[in-house]
Structures are given as C-alpha cells and as structure tokens.
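Worksheet: the structure to be examined is printed underneath.
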Amino acid sequence: MDRHWLNIYERLVNTDTGFDISCEEKLRRTLFVLDILKDMGFSTTKTRAAFVGKLGNPPYKTLIGHMDTVFPEKEAEKRPFKLESGVVRGPGAADMKGGVITALATLQRAVSEGISDVCVILNVDEELGSKESREIFSEIAEQSKCCLSFEPGRENNGLVISRKGIASLQLEVKGISGHASRLEEGANAVVEIAHKICEIYQFNSANLSLTVNPTIVKGGKKSNITPNEASAYFDVRFSVEHELSELERFIQKVLSTSHIPGTKSTYTLIKARPPMPENREMKRIILEILDKLNINLPLVHASGGADSAFFAVKGVPSVDGLGISGGRFHSEEEFALLDSFEDRVRLSLELLRRFSEV
0 MDRHWLNIYE
10 RLVNTDTGFD
20 ISCEEKLRRT
30 LFVLDILKDM
40 GFSTTKTRAA
50 FVGKLGNPPY
60 KTLIGHMDTV
70 FPEKEAEKRP
80 FKLESGVVRG
90 PGAADMKGGV
100 ITALATLQRA
110 VSEGISDVCV
120 ILNVDEELGS
130 KESREIFSEI
140 AEQSKCCLSF
150 EPGRENNGLV
160 ISRKGIASLQ
170 LEVKGISGHA
180 SRLEEGANAV
190 VEIAHKICEI
200 YQFNSANLSL
210 TVNPTIVKGG
220 KKSNITPNEA
230 SAYFDVRFSV
240 EHELSELERF
250 IQKVLSTSHI
260 PGTKSTYTLI
270 KARPPMPENR
280 EMKRIILEIL
290 DKLNINLPLV
300 HASGGADSAF
310 FAVKGVPSVD
320 GLGISGGRFH
330 SEEEFALLDS
340 FEDRVRLSLE
350 LLRRFSEV
C-alpha cells in the first residue's frame, strides 16, 4: 500500500463512526471519502445512510462496503491507527475500513484503465443491520451484473463465497407474581423460560446448518417476588430459508406445553438478512483468476451475515471478503494484515475486467 492510501486509511480509522453516532453524522464525518469518488469521475449521491457513486450505465459492476464500526464515540482517541511490522490496529482497521481502502484503490486502477459501468455503495449502518441502507442495496441489485463486497478477508487470507442469513428470535413468558416464599401462589416465569431456552437450544442437534443461540435473558425485579415475566433473545443463523420454517415449527411445539402451570409463552421470529448462497459462476471465475494471477487464496464459507446477501438473493453473482485480511473483528484486539492488500486489489481489478466482458 503506497503512502497515499495509507494516509487515507489512517484518517478513516481515526474517524469515529460507531453505533452510538447518527447516520447523518457518520456521513458528514466521512465526506472526504465521497470527495475521492468525485475526483475519480463518479457522479455521487447521498442517501439516509450511504454514499452512492456511479460511473457509466447499468448493468453495473457493483462494489460495496461499510464505513461504520461497532465501537463507541471516542474509541479512535483511545486507540488510534497504529502500523507496526505490517499489522494495522485501530477501531475498524479490518472490519472494514481496510476494505474501504481496498475498494477505493481498486476503483482508481479501474478508472485509469477506462473501465466504466461501475457503481459503488458505502453505507454507515451495516453494524446496525443496514435498516436504512438496504433499500438502496435492493434497488442497485436489480441493476447489477455482479457484486464485489469488501468485508475483511479471513485470518487465513480466505475469500468468502457464501454466508449464512441472520434472524432474531425473541421469547416472552408471562407468569403470576406472588411472595417468593409461597410457591403455590405464583407462576414463575423465569423457571418456565429456563425450560424453554434449554429445549429450543436442543434444535442445534437437528443436523441442520442453522444455529440458534440464547444471548440475552431477562427476568425478575426483586429477590423476594416470584417473577411474573421473563424474556430471552436468540441469535439465529441459517443457510437456506426452509431451515427457518423448521425452527419455527419446533418453537411452536415447544411453546404448546408449559412446565410451570399458569405461565404463557409467546415468540417473535424476524429475518434480518437473507443468506448469501454460493454462486457457481462467480466461484468458477474466481478460481480462473486466482490461477491466472498465481495467487493462493482459500475459498471459505462464513457464518456472519453481510450486505452482499441483498445482491445474492436476487441471483447476482457475488463474492465477499475482498478487503484486507485480518482477525479478532469486533474486539480491541482487531488487526489487519497490510501485506494482503495488493493481491486483493489485483484480484478485484481482474474481476471488474472479467465482468466488463460479459
């Protein structure tokens, strides 16, 4: 990575764009990225949660990435950009401000070659579920011939060719309050939800790729009162839609009976992101390019969701993990490997060339 891109990388990492900052403010703070696209010749627009750049006409070769992180305001002041022995640290160094730099460097080389009919979308609400930006993703997906997503490469330098979808499950139990010493007077919602959590967790042994994992449990207000309500939240990951249907049938069966008389259980299952299934055409092209460029990158399947799924669900050939490789995402130990940058730019540029011929 040359000094030009390294300086922009440092500026981006040192710009707080966390979950506790409004989308409007995150876009304002990163306007210098929009200026870079303008300088390349892109016509640009700003939505409620994304920058969109277009060069030429559809169908587009679309590049996507996000500039937000999971870290709070002032995190960059606490641990700013640091480069040491080829390892970059700082909030979002890998996930995915390094990927934004990879995408911009790829675009610069593509434009210098005269490659056109390109769209780039950089959003600032991905870590919040892309609730505001998913509309623009779906709109551009209808006009795209491929999607290149610059989420970070895996720690083993892997490219992501499929991802699981994400859903959230909320379980609520209503009981009857009473004095904690008089069990017969109340119906303990916490005990009931404990049974339900264990039963639902057993669905993980159903030999499906779906996982359902309880992550937050709430219940009770005072230590001497039988709790009359309790709630649990589950993280759900799935590879195909029918797995969600099977989970829902299982939940309904679990909730049809009560272990504690007088309790009543309800649930809400919401799909947040579709899965990104493997696309055979994209896989074939990637393998051909890797062989041509003499680059050795493993193709991997990821359990985490990403915005590339909004393209894949519409049948657009998609690949993810084109950003700088790294690890320990979403933690203070997050790191990015600078020596992965050049191969990923070369691969991404060759993908743009290849899809320009289609």
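Here numbering that gives the first Met the number 0 is used: the first residue of the sequence shown is 0, the next is one more, and so on.
Quick reminder that beta carbons are idealized off the backbone N, C-alpha and C, glycines included.
Since the model is a prediction, treat every value here as computed from it, not as a measurement.
Check                                                                                                     : Outcome
Span of the beta strand (DSSP E), counted from its first residue to its last, around Leu168               : 164-173
Endpoints, alpha helix (DSSP H) assigned at Leu26                                                         : 22-28
Reduced DSSP category for Ser84 - H, G, I as helix; E, B as strand; rest coil                             : coil
Buried or exposed (CB count within 10 angstroms, at least 16 for buried), Thr44                           : exposed
Classification of Cys118 by the beta-carbon crowding that lies within 10 angstroms, buried from 16 upward : buried
Identified DSSP bridge partners for Cys118                                                                : Lys53, Thr61
Proximal residues to Ile269 (C-beta, below 7 Å), its chain only, five neighbours per side dropped         : Ala166, Ser167
The region 176-187 / the region 274-285 touching (three or more Cβ pairs under 8 Å)                       : no
Option in Arg345, Met0, His65 with minimal Cα separation from Phe136                                      : His65
C-beta atoms of Arg352 and Ile114 nearer than 8 Å                                                         : yes
Residue of Pro90, Leu82, Val86 minimising C-alpha distance to Ala75                                       : Pro90
Residue closest to Ile437, alpha-carbon to alpha-carbon, out of Glu245, Asn156, Ser161, Asn227            : Residue 437 falls outside the range modelled here, since the chain spans only 0 to 357, and no answer is possible.
At least 3 beta-carbon pairs within less than 8 Å: the region 84-103 vs the region 317-329                : yes
Whole-angstrom distance between Pro273 and Ala193, CA atom to CA atom                                     : 29 Å
Neighbourhood of Met39 by C-beta, 7 Å cutoff - its chain only, sequence neighbours within 5 removed       : Leu106, Gln107, Val110
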